[in-house]
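To keep things clear, I will list the structure first and then write my remarks on it.
2 protein chains.
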Amino acid sequence: MRGRIAGIDRAGIGSVVNIGRRGLQRGMIAIHPLTGMGEIRPGDDLSTLIGDALDGLEQGAPQPGDVLVVTQKIVSKAEGRFVDLSTVTPGAEAQRLAGITLKDARLVELVLAEADTVVRAVPNVLITRHRLGHVMANSGIDRSNLGPGMGEHALLLPVDPDASAERLRAALVARFGASPAIVISDSFGRPWRYGVVGVAIGAAGLPSLVDRRGELDRDGRRLEVTQIALADMIATAAALATGEGAEGVPAALLRGLPMVDHPAAPVSALVRPLNEDLFQ
Amino acid sequence: MRGRIAGIDRAGIGSVVNIGRRGLQRGMIAIHPLTGMGEIRPGDDLSTLIGDALDGLEQGAPQPGDVLVVTQKIVSKAEGRFVDLSTVTPGAEAQRLAGITLKDARLVELVLAEADTVVRAVPNVLITRHRLGHVMANSGIDRSNLGPGMGEHALLLPVDPDASAERLRAALVARFGASPAIVISDSFGRPWRYGVVGVAIGAAGLPSLVDRRGELDRDGRRLEVTQIALADMIATAAALATGEGAEGVPAALLRGLPMVDHPAAPVSALVRPLNEDLFQ
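So the protein sequences, as listed, match chains A and B.
Residues in the first sequence are numbered consecutively from 1, following this note's numbering.
Residues in the second sequence are numbered consecutively from 1001, following this note's numbering.
Listed below in structure tokens is the structure:
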């Protein structure tokens, strides 16, 4: 961990480094909810809305090491990834899986169109490997909080979330002269544990995966944990503020994070190929 | 999300609610590293060391909704969960798996003693289902950062981490009259993604799993995501500050979290029984 955290005072962090309005206590990590963007619609310029929200946030001026986490839902909405279910005609496989999973066959058709493989289909559960490599429920397709009048629509993941993050970052650089790193977040279930946690599906300007292979522990012993899923951890931390999107908090600014100065890598670096699945 | 976050100002969170030394901006979540506890040894009273560290932290006085995340390593150390590998005689199964995984057969013997089942054994990888239900590498047994002279030792998980969390909480109540909720954190790999993230292995005083089944989204539609692994999310957020333990940050205090006022549930509530594994 060669980032900011490496420099913290081991004898305690009580001292205040900076008392100013943007003050950050030594070693502290801050998660600031970003609100006031209103309902996002297809074609909205997300970078303008987010830039305005950052302007309205006391801590919003970009500082080195900042990370902006944006929920998948508003990225997908701005990119117009809505599908009107009444336009979808389910094929035979979608109808078969809809019978097993008790889901709307038109939705299942979309799930299959977005997936490379079906991992699991049982009543109320349809887990796929998304074309981006993520193993997730319903290929990440969403029907909650789509906005007024969108009840018969579904919302797909962005076409290329790493590219979406990079575009947002470039637009914020153009506006502010600098940009926080960007993470696009979603929430996934896990095989052996109840409940969802935040995950990253796109990132720009930070190391999604931090490789510490070869580093030594405090006793000079080789570290056993060698790779850290930093983008997923940041997405999870931000999800404590953004929740499940029902609360009108579609983004968060994180400050004081460690390791973000390691070489940047997109979220695609986090995807383990199926043939390397270590758990089966 | 009926906790604090529900009350945030949707038009922006720029205003400072409390300018005092313990001020927290509206909707902000803060993660404060807790340091200065020194090397923890078997028999150390963790509640005293943590209480002293909280006293040294400007924000340390317990406030309602605070959560203290303590890394598994110092809990295990204080509980004396060291095993001297020179005292371990590997059985036939441990020797067989050591041959496959290229690991120390004595360590494998300990891994098996802590496990219900072996999930995966290939070169350099041994994944088990721990007796506590967690699916994890090496039954959570640790050989990094054990302290000077402990190179031939291994460190097991606490016997009952939910109970460890509850004891720590009771001791902090006795000292301060109130205690933050407690999460004991570890880091796990994931089947389909590279890199580890933080997870909770013990908790007291907060809802490890938040059940939102039956709640509606902003458009009156039933929420698709219904259970939130809050303790895991909090453990992950804290792990951004505590890292992999190599930096001398064995704990963190989190303030401003949502949902912690839901009914408390231990981490055992997060463990999905093997026969409910949805991903296979």
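Each residue gets a CB set at the ideal place from its N, CA and C atoms; glycine is no exception.
Note that the structure is predicted; figures quoted are calculated from it, not measured.
Would you tell me roughly how many angstroms separate the C-alpha atoms of residue i and residue j, rounded to the nearest one?
i, j, result
"threonine 53 (chain A)", "leucine 1102 (chain B)", "Before going further, note that residue 53 (chain A) is alanine rather than threonine in the sequence given. About 53 Å."
"aspartate 1261 (chain B)", "valine 196 (chain A)", "19 Å"
"methionine 259 (chain A)", "proline 1062 (chain B)", "29 Å"
"alanine 1252 (chain B)", "leucine 1046 (chain B)", "14 Å"
"valine 1135 (chain B)", "valine 1119 (chain B)", "8 Å"
"leucine 49 (chain A)", "alanine 1174 (chain B)", "49 Å"
"threonine 117 (chain A)", "histidine 130 (chain A)", "7 Å"
"arginine 1022 (chain B)", "glycine 60 (chain A)", "Residue placement at arginine 1022 (chain B) cannot be trusted, given a pLDDT of 39 that sits under 50; the coordinates are not used to answer."
"proline 1180 (chain B)", "leucine 1254 (chain B)", "9 Å"
"arginine 1272 (chain B)", "serine 1185 (chain B)", "18 Å"
"aspartate 1162 (chain B)", "alanine 1121 (chain B)", "28 Å"
"arginine 106 (chain A)", "leucine 97 (chain A)", "11 Å"
"serine 1268 (chain B)", "valine 1075 (chain B)", "17 Å"
"aspartate 1317 (chain B)", "alanine 1154 (chain B)", "In the structure as shown, chain B begins at 1001 and stops at 1280. Residue 1317 (chain B) is therefore absent and cannot be evaluated."
"glycine 248 (chain A)", "threonine 35 (chain A)", "7 Å"
"glutamate 152 (chain A)", "lysine 77 (chain A)", "15 Å"
"arginine 1221 (chain B)", "threonine 226 (chain A)", "43 Å"
"arginine 250 (chain A)", "leucine 85 (chain A)", "For clarity, residue 250 (chain A) is proline in the given sequence; the question names arginine instead. About 25 Å."
"glycine 80 (chain A)", "isoleucine 40 (chain A)", "10 Å"
"phenylalanine 176 (chain A)", "serine 139 (chain A)", "35 Å"
"glycine 243 (chain A)", "aspartate 1104 (chain B)", "43 Å"
"glutamine 1095 (chain B)", "leucine 132 (chain A)", "40 Å"
"leucine 126 (chain A)", "serine 187 (chain A)", "15 Å"
"aspartate 1044 (chain B)", "glutamate 114 (chain A)", "54 Å"
"leucine 1057 (chain B)", "serine 144 (chain A)", "41 Å"
"glutamate 215 (chain A)", "alanine 241 (chain A)", "33 Å"
"glycine 1051 (chain B)", "leucine 1270 (chain B)", "28 Å"
"aspartate 211 (chain A)", "arginine 1167 (chain B)", "36 Å"
Can you have a look at residue i and say buried or exposed, based on whether 16 or more other CB atoms are within 10 angstroms of its CB?
i, result
"threonine 128 (chain A)", "buried"
"aspartate 1277 (chain B)", "exposed"
"glycine 3 (chain A)", "Legend: pLDDT at glycine 3 (chain A) = 29, less than 50; position of this residue unreliable, value from coordinates given subsequently. Glycine 3 (chain A) is buried by the Cβ-count criterion."
"glutamate 109 (chain A)", "buried"
"glutamine 1072 (chain B)", "buried"
"glycine 1099 (chain B)", "exposed"
"aspartate 1055 (chain B)", "exposed"
"asparagine 275 (chain A)", "exposed"
"proline 1033 (chain B)", "buried"
"valine 159 (chain A)", "exposed"
"asparagine 124 (chain A)", "exposed"
"glycine 1189 (chain B)", "buried"
"proline 1042 (chain B)", "exposed"
"alanine 1178 (chain B)", "exposed"
"arginine 1169 (chain B)", "buried"
"glutamate 93 (chain A)", "exposed"
"proline 1263 (chain B)", "exposed"
"arginine 1213 (chain B)", "exposed"
"glycine 1149 (chain B)", "exposed"
"glycine 1245 (chain B)", "Caution applies to glycine 1245 (chain B), whose pLDDT of 45 falls short of 50 and renders its modelled position unreliable; the model cannot decide the point."
Could you give the C-beta distance for residue i and residue j, rounded to a whole number, given that I count them as a contact under 8 Å?
i, j, result
"valine 183 (chain A)", "valine 69 (chain A)", "5 Å"
"methionine 37 (chain A)", "alanine 1030 (chain B)", "Not a contact, Cβ separation roughly 23 Å."
"aspartate 1219 (chain B)", "glycine 147 (chain A)", "7 Å"
"alanine 265 (chain A)", "leucine 209 (chain A)", "6 Å"
"leucine 156 (chain A)", "valine 83 (chain A)", "6 Å"
"tyrosine 194 (chain A)", "alanine 1229 (chain B)", "7 Å"
"valine 67 (chain A)", "leucine 257 (chain A)", "6 Å"
"proline 64 (chain A)", "proline 1191 (chain B)", "35 Å between Cβ atoms; not a contact."
Evaluate the contact criterion for the region 1235–1244 of chain B versus the region 231–243 of chain A: three or more CB pairs, one atom per stretch, below 8 Å.
-> yes
Is the region 89–99 of chain A touching the region 202–219 of chain A, taking contact as three or more C-beta pairs under 8 Å?
-> Short answer: they don't touch.
Return the chain-ordered ranges of every beta strand (DSSP E) run that is complete within the region 1078–1160 of chain B and spans a minimum of 3 residues.
-> 1082–1084, 1115–1122, 1125–1130, 1135–1137 and 1153–1155
Would you mind listing the beta strand (DSSP E) stretches within the region 34–72 of chain A that are 3+ residues and don't spill past its ends, in chain order?
-> 67–71, all fully within the region 34–72 of chain A.
Mind listing, in chain order, the continuous beta strand (DSSP E) runs of no fewer than 3 residues lying wholly within the region 181–268 of chain A?
-> 181–188, 197–204 and 251–255
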